[in-house]
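K.L.:
Residue numbers for the sequence shown follow our numbering, beginning at 246 and rising by one.
Below you will find the structure I want to go over with you.
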Amino acid sequence: MSRGAKVITEGNELADKTQQMFDEIAGNVEKSAEQVETIAAASQEIAASSEEAAATAQEQSAAVQEMTSSITQLADAAKELKKTAEKFRV
Numbered sequence: 246m247s248r249g250a251k252v253i254t255e256g257n258e259l260a261d262k263t264q265q266m267f268d269e270i271a272g273n274v275e276k277s278a279e280q281v282e283t284i285a286a287a288s289q290e291i292a293a294s295s296e297e298a299a300a301t302a303q304e305q306s307a308a309v310q311e312m313t314s315s316i317t318q319l320a321d322a323a324k325e326l327k328k329t330a331e332k333f334r335v
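Below is the structure:
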């Protein structure tokens, strides 16, 4: 084989190897892009769940405040009832 033919053959082999490497890189880039999309979708689901949890926590907080207010009113009513009962003891 002549030197020129050898150079051409080696150049073709290198080009083929380079193409294989680019194909592999392209496949990996595509897999990475799919993984990024999966992560983004999961992040959106987590954000939506977090918002729902926050809304539920606010609702529960409001309910606890209402209960606290009712308990305070009942305690005040009990104090008044006790005062009234003490008047009848005399």
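For every residue, glycine included, the Cβ atom is placed at its ideal position computed from N, Cα and C.
For Thr254 versus Met266, is the C-beta spacing smaller than 9 Å?
P.N.:
Not a contact, by the Cβ cut-off of 9 Å.
K.L.:
Can you tell me whether DSSP reads Ser315 as helix, strand or coil?
P.N.:
Three-state result, Ser315: helix.
K.L.:
Out of curiosity, what's the CA-to-CA distance linking Met312 and Ala285?
P.N.:
The alpha-carbon atoms of Met312 and Ala285 are separated by roughly 40 Å.
K.L.:
Please report the distance separating the alpha-carbon of Ala298 from that of Ser315.
P.N.:
Rounded to whole angstroms, Ala298 to Ser315 spans 25 Å at the Cα level.
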